[in-house]
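Asks: The structure that follows is given in the form of structure tokens.
Residue numbers (the working numbering), protein chains in the order written: chain A, 1 to 112; chain B, 113 to 224.
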């Protein structure tokens, strides 16, 4: 069974700091990996999708990488802002149209 | 930007009652999903749907649950006889062929 783990569960940083969120998966036959943001009581907002043939994707201050051989993905947030405070979830897909396996999330607080 | 729309945003129902949660996926997407998230817990997969049939379902998706795409645009989740433990946020999602998944804002279901 595919397992996705996110460490740390919570992270608090001062504004302006660069930070890295980690996502680990047990099955390296991953098809794609997607990072989401979730604000309290809200839905999931897609941030970045990395296909298995790619090593990284960038969008603005966000950069996500994927290393299938080590079973890891990271989300790098540059120059963090208080508005980045949210829970960040990673989800791995293994077959088109089948479920994504979600991690437990990292709750990020950026302190002004 | 395209979006997945869910209605209602909140639903309160009595135990044993039937509920139908509605979703309008992104129009050119092919795969449709329901997930749920119990307060403070992980996002859990319920079911995926493709070409008018279920392609994968989880252990949670028992005989009390059903899905339907009645008219080519709406995608519904029915819970026949709700239990207290069905209280959760229910998310609908859709994807194209190997594209990023878009999630709706969710329906908060409270069973009393």
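Note that CB positions come from ideal geometry on N, CA and C, so glycine has one too.
What you are looking at is a predicted structure, and each value in this text was computed from that prediction instead of being measured.
With H, G and I counted as helix, E and B as strand and the rest as coil, what does DSSP make of residue 56 (chain A)?
Replies: strand
Asks: Counting only the same chain and skipping the five closest in sequence on each side, list residues whose C-beta sits under 7 Å from that of residue 126 (chain B).
Replies: 224
Asks: Would you kindly check if the distance between the Cβ of residue 214 (chain B) and the Cβ of residue 138 (chain B) is under 7 Å?
Replies: Closer than 7 Å, so yes.
Asks: Applying a beta-carbon distance threshold of less than 9 Å, which residues of chain A neighbour residue 209 (chain B)?
Replies: 96 and 97
Asks: Do residue 179 (chain B) and residue 161 (chain B) have their CB atoms nearer than 7 Å?
Replies: yes
Asks: Between residue 98 (chain B) and chain A, is any beta-carbon pair separated by less than 7 Å?
Replies: Only positions 113 to 224 of chain B appear in this structure, which leaves residue 98 (chain B) out of reach.
Asks: Over the uninterrupted beta strand (DSSP E) stretch that includes residue 50 (chain A), give me the two end residues.
Replies: 44–51
Asks: Residues in its own chain within less than 8 Å of residue 170 (chain B) by CB, not counting five upstream and five downstream?
Replies: Cβ within range, chain order: 156, 157, 158 and 159.
Asks: Does any CB atom of chain B fall closer than 7 Å to the CB of residue 49 (chain A)?
Replies: yes
Asks: Report the neighbours of residue 157 (chain B) on chain A: residues whose CB is nearer than 7 Å to its CB, in chain order.
Replies: 99
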